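Quick note: the sequence shown uses the numbering used here, first residue 1, plus one each step. Here the structure is laid out as C-alpha cells; the discussion comes afterwards.
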Amino acid sequence: PAPFWGRAAGPEGAGDVWVFEQPVGFLNVTVNIRMTVVRLEDGGLWVHDPIAPTEQLLEQLAQLGEVRHVVLGATAIEHKFFARSFLDRFPEASFYATPGVFNYVPFRPDLEPRGLGLFVDLIRPTRIDGWLTPGFAATTLNGVDYPASEVPSWAGEIDHALLFLDTDIASLGETAFLIKGSRTLLVTDSLTFIDSGSTDWLTESGKRDRSFPFNLYPEEWTPERKKAVDMMQIYTIQTPYGDREFESLTDRLYVCPQLRLFVFESDPAGSREWIDTLLRWNPKQVVASHFDAPAPCSQQGLRDAFSFILDRESAPPLPGDYCMGVLKAVQIVLRRTLFRERLEAGRMQELE
Numbered sequence: 001p002a003p004f005w006g007r008a009a010g011p012e013g014a015g016d017v018w019v020f021e022q023p024v025g026f027l028n029v030t031v032n033i034r035m036t037v038v039r040l041e042d043g044g045l046w047v048h049d050p051i052a053p054t055e056q057l058l059e060q061l062a063q064l065g066e067v068r069h070v071v072l073g074a075t076a077i078e079h080k081f082f083a084r085s086f087l088d089r090f091p092e093a094s095f096y097a098t099p100g101v102f103n104y105v106p107f108r109p110d111l112e113p114r115g116l117g118l119f120v121d122l123i124r125p126t127r128i129d130g131w132l133t134p135g136f137a138a139t140t141l142n143g144v145d146y147p148a149s150e151v152p153s154w155a156g157e158i159d160h161a162l163l164f165l166d167t168d169i170a171s172l173g174e175t176a177f178l179i180k181g182s183r184t185l186l187v188t189d190s191l192t193f194i195d196s197g198s199t200d201w202l203t204e205s206g207k208r209d210r211s212f213p214f215n216l217y218p219e220e221w222t223p224e225r226k227k228a229v230d231m232m233q234i235y236t237i238q239t240p241y242g243d244r245e246f247e248s249l250t251d252r253l254y255v256c257p258q259l260r261l262f263v264f265e266s267d268p269a270g271s272r273e274w275i276d277t278l279l280r281w282n283p284k285q286v287v288a289s290h291f292d293a294p295a296p297c298s299q300q301g302l303r304d305a306f307s308f309i310l311d312r313e314s315a316p317p318l319p320g321d322y323c324m325g326v327l328k329a330v331q332i333v334l335r336r337t338l339f340r341e342r343l344e345a346g347r348m349q350e351l352e
C-alpha cells in the first residue's frame with residue numbers, strides 16, 4: 001500500500017520533521033502505522049521505524065533529501081517487517097536497531113534466535129551497523145552480548161533511551177528518541193494519543209466484519225466514532241462501549257493495557273528509570289507510531305500516563321470489561337510460571 005499522506009509534524013517554524021503513514025490490518029481491524037523523518041543539520045534524512053518502500057513514498061522522500069540514517073525503535077513485528085526492503089533501497093544509509101529486535105548479533109553466527117525471534121528470520125536485514133544500547137556501549141541483555149557501536153553522527157542532534165525487558169520468552173524492547181531542536185519525543189508503541197475530535201488517521205481499506213463480538217457500540221454514536229472504535233480495539237484490547245469508556249481513551253497520553261501488564265509492570269524499576277529519562281527530556285510534543293500525531297506533551301502528561309509505575313496507589317484502575325479479564329488472566333498465568341522467579345525476587349509488582 002502507498003502512504004495515504006505525508007505531512008509536516010513539527011511545531012510552527014520547526015519544519016524539519018515529517019510523518020508518513022500507511023494502513024496496517026489485523027483480522028477485521030485496520031489502523032495506521034507511522035514512519036517519522038527528520039532532516040538533520042547537514043541536510044541528510046534520519047528515518048524512524050521505516051514502512052513499506054512504495055514508489056510514492058520513495059518519490060516523497062527524494063523531495064526532502066537523501067536518506068542517510070535509519071533506526072528501528074521497537075521489537076514489534078509490524079514495525080520491523082519492512083526494514084529489510086527499505087534498507088535495500090538505501091544501501092548507503094546507516095542502520096541502528098533496538099537490541100533484541102532481530103535476535104541477532106554481528107559476529108555471532110552461532111547465536112540462535114530465541115523465542116519470538118524465529119518469526120523474523122526471513123525479514124531481518126543482512127547488516128546492522130549499530131545497536132541502540134545506552135551510550136552505544138557494549139552490554140549484555142537477555143544473555144546476549146551486544147558489542148559497542150560507533151557513535152553515529154546524528155547523536156548530537158537526537159538523544160535516545162532504551163527500555164529493554166529481559167524475559168524467558170523473547171527480548172522485548174523499545175527505544176525512545178528526543179529530537180533536541182524541537183523537543184519532539186518519538187516512541188513506537190509505549191505511548192499513544194487519540195484525538196476524540198479527529199479521524200484523519202482512519203483508513204478506508206478493508207471491510208469490518210460486524211459479526212465480530214467486539215464490534216458493538218451504542219447506536220447513537222456517529223459513524224466516525226464507530227469507525228474510531230473499530231480501529232482502537234486491537235491495539236488497546238479493551239472495548240469502549242459507552243461515552244465514558246471512549247472518553248477515557250482519548251485526548252490524553254495513554255499506555256495500552258497489554259504493554260502496562262506485560263512490559264512495564266514486569267520490570268517496574270527498569271521502567272521507572274526509562275520514564276525518568278523522558279521526564280528529564282521535558283518534550284513539547286510526542287509522535288507515536290500509531291493513531292494521532294503530533295500530540296501535545298508535558299511532564300505532567302507523562303506522569304499521568306505512567307502513574308501506574310510512578311504513583312501506583314493513586315493510579316486509575318484498568319477497565320473491567322471482558323477483554324481486560326482475559327489479559328489479567330494471562331498475566332496471572334505468566335506470574336505463576338515464567339515470571340515466578342522475578343516476582344519472588346521482588347523484581348515485579350504484585351497484582352492489584
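Note that beta-carbon positions come from the ideal geometry of N, C-alpha and C, so glycine has one too. Source: prediction; values computed, not measured.
With a threshold of 16 other beta carbon atoms within 10 Å, P257 meets it and is buried. Counted as a single uninterrupted DSSP element, the stretch harbouring S153 is not any beta strand (DSSP E), since DSSP gives it neither H nor E. The C-beta separation of L61 from L87 comes to about 13 Å, leaving the pair out of contact by the 8 Å criterion. In this model, G173 and N142 are separated by some 11 Å (Cα to Cα).
The beta-bridge partner set that DSSP reports for L185 consists of L178 and V286.
In the three-state reduction of the DSSP assignment, A148 falls in the coil class.
At the C-beta level, S149 and Y96 come within 8 Å of one another. In the structure shown, T277 adopts helical secondary structure according to DSSP, grouped into three states.
Distances from the alpha-carbon of D311 to those of G43, S271 and I158 put S271 closest.
Of N282, E273, Q285 and V255, the smallest CA-CA separation from F306 is found for V255. Taking the CA atoms as reference points, P147 sits about 53 Å from T222.
Straight through space, the alpha carbons of T139 and W18 are spaced by roughly 32 Å.
Within its own chain, the residues whose Cβ lies closer than 8 Å to the Cβ of I194, once the five positions on either side in sequence are excluded, are A228, M232, L249, T250, D251, Y254, F291 and D292, listed in chain order.
Two segments are said to touch when three or more pairs of C-beta atoms, one from each, lie closer than 8 Å; by this definition the segment 125 to 135 does not touch the segment 48 to 56. Shown here for H160: same chain residues with a beta carbon closer than 6 Å to its own, the five before and five after excluded, namely L132, T175 and F177 in chain order.
In the structure shown, the three-state DSSP call for L45 is strand.
Boundaries of the alpha helix (DSSP H) around L302: Q299 to A305. Looking at the DSSP output, L141 sits in a beta bridge with V144.
In the three-state reduction of the DSSP assignment, S85 falls in the helix class. A155 sits exposed, since fewer than 16 C-beta atoms from the chains shown fall within 10 Å of its C-beta. Burial state of N32 is buried, judged by a 10 Å Cβ sphere holding 16 or more other Cβ atoms. In the DSSP annotation of this structure, the continuous segment of the alpha helix (DSSP H) that includes L261 starts and ends at P257 to F262. A direct Cα-Cα distance of roughly 28 Å separates V101 from G43. With fewer than 16 other Cβ atoms from the protein chains shown falling within 10 Å of its own Cβ, V151 counts as exposed. Taking 8 Å as the cut-off, the Cβ atoms of V263 and L165 count as close. Distance from the Cα of L279 is smallest, within the candidate group I158, G301, D267 and S196, for G301.
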